Amino acid sequence: MGSALTTIGLPVALGIIMFGLGLTLTLGDFARVGKHPKAVVIALICQLILLPALCFGLVLAFHLPPVLAVGMMLLAASPGGTTANLYSHLFRGDVALNISLTAINSVIAVVTLPIIANIAIAFFMPGDPTLGLQLSKVLEVFAIVLLPVALGMLVRWWKPGFADAMDKPVRIASVVILVVVIGGAVYSNIDILVANFASLALITVLFCLLSLTIGYWVPKLFGVRRAQAVASGFEIGIHNATLAIVIAQTVLGSVELSLPAAVYGVLMFFVAAAFGFVIRGRVGSVDSGRSAGVGAIEVAD
Numbered sequence: 504m505g506s507a508l509t510t511i512g513l514p515v516a517l518g519i520i521m522f523g524l525g526l527t528l529t530l531g532d533f534a535r536v537g538k539h540p541k542a543v544v545i546a547l548i549c550q551l552i553l554l555p556a557l558c559f560g561l562v563l564a565f566h567l568p569p570v571l572a573v574g575m576m577l578l579a580a581s582p583g584g585t586t587a588n589l590y591s592h593l594f595r596g597d598v599a600l601n602i603s604l605t606a607i608n609s610v611i612a613v614v615t616l617p618i619i620a621n622i623a624i625a626f627f628m629p630g631d632p633t634l635g636l637q638l639s640k641v642l643e644v645f646a647i648v649l650l651p652v653a654l655g656m657l658v659r660w661w662k663p664g665f666a667d668a669m670d671k672p673v674r675i676a677s678v679v680i681l682v683v684v685i686g687g688a689v690y691s692n693i694d695i696l697v698a699n700f701a702s703l704a705l706i707t708v709l710f711c712l713l714s715l716t717i718g719y720w721v722p723k724l725f726g727v728r729r730a731q732a733v734a735s736g737f738e739i740g741i742h743n744a745t746l747a748i749v750i751a752q753t754v755l756g757s758v759e760l761s762l763p764a765a766v767y768g769v770l771m772f773f774v775a776a777a778f779g780f781v782i783r784g785r786v787g788s789v790d791s792g793r794s795a796g797v798g799a800i801e802v803a804d
């Protein structure tokens, strides 16, 4: 996928997306984590430890070819995407917590993503000199992830009114560019994508579903409020597939490495929506039960 459409278009699209994220952030979003330290710590443990371990187990269980195994681990190491904020809003999550988690995960990922990627490459593809995130490539990851976010935050600090006005146009532009670029990438590589779709569909759906479940239920088991658990679930369950694709193709120069993220990026929307309706329906049934119980007490009185 070495065309200009992907080698230039994908980084540009991701840059616009990350710039748009920066337009919504302030330093207060980083400081806000002090108000919900338990929810943040649990979410980060799930994101940085449980998910890579889960993905590693799935890769071994599915006996994926080495290059696809590394691609899955690259996806698992990617932070939550801005789409998580939308799903959290739709299903009554703590969107402010989502924004803070996205901000923190984006910073941490600059360190953890290269580490996890290099470990995966060393385990599944030992001795391959063409892969690996050396210092120069780590700096590329830093530039791809953090510089647009920092620029967006700077614009918001300098011209908050302009940042608010640009928020919607930047979102629309990022979606349009991303759809065009990914559509062109899929068209130019349709054969390799079709050949691997069947082998990746089940594992990516399962990974997404388990990520959402872990992100939602682990915080609840530790007493985190439902709205924060919903935010954690979507933040952990919805990975930034675009970032994984850009790093695979632009930084590491491999189309095959990007296939898991490409398949996941398509199927994730449906899995996340279904998961959201399930937990919303469950809450509705619980609330109905509580109301019925209160009514029975009132009648008894």
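Just add 503 to wherever you are in the sequence shown, counting from 1, and you've got the working numbering.
Beta carbons: idealized from backbone N, C-alpha and C, even for Gly.
Quantities reported herein were computed from a predicted structural model and do not represent experimental measurements.
Contact check, I607 vs F710 under 8 Å by CB: the rounded distance? Not quite, the Cβ-Cβ distance comes to about 22 Å (not below 8 Å), so this is no contact.
Nearest chain C C-beta to K671 closer than 8 Å, yes or no? The question asks about chain C, but that chain is absent: this structure has only one protein chain.
Cα-Cα, which of K538, S581, I624 and F737 is closest to T615? S581
Over the uninterrupted alpha helix (DSSP H) stretch that includes P555, give me the two end residues. L554 to F565
Limits of the unbroken alpha helix (DSSP H) element including G512: G512 to L526
Between M521 and P651, which are expected to be in contact by the criterion C-beta below 8 Å, what is the C-beta distance as a whole number of angstroms? 4 Å
Answer yes or no: do L578 and A764 have a C-beta to C-beta separation smaller than 8 Å? yes
Straight-line CA distance for S702 to L561? 13 Å
Taking 8 Å as the cut-off, decide whether the C-beta atoms of A587 and F737 are in contact. yes
Could you tell me the alpha carbon to alpha carbon distance between I695 and F665, rounded to whole angstroms? 43 Å
Run through DSSP, which three-state label would I619 get? helix
Among residues of its own chain, excluding the 5 on either side of L656, which ones have a beta-carbon nearer than 6 Å to its beta-carbon? Here residue 656 is Met; the residue named in the question, Leu, does not match the sequence. Excluding positions up to five away in sequence, the list reads G525 and L528.
Among the residues of its own chain, which have a CB less than 7 Å from the CB of L517, if the five just before and after it don't count? I647, T745, L746 and V749
For R674 versus G523, is the C-beta distance shorter than 8 Å? Taking C-beta atoms as the reference points, R674 and G523 count as a pair closer than 8 Å.
Secondary structure at G792, three-state DSSP: helix, strand or coil? Because the pLDDT of G792 is 46, which lies under 50, any placement of that residue in the model is unreliable, and the question is left without a value.
Going by CA-CA distance only, name the one from A676, F725, A704 and V754 that's closest to V769. A704
Thinking C-alpha only, which one of P514, G512, L654 and H539 is nearest A734? H539
DSSP beta-bridge partners for H592? DSSP, once it has assigned bridges, lists no residue as partnering H592.
Between the beta-carbon of A612 and the beta-carbon of R535, is there less than 8 Å? Between A612 and R535, the CB-CB gap reaches or exceeds 8 Å.
Alpha carbon to alpha carbon, what distance is there between A556 and P629? 19 Å
By how many angstroms is the C-alpha of Y690 removed from the C-alpha of V515? 19 Å
Three-state secondary structure (DSSP) at G756? coil
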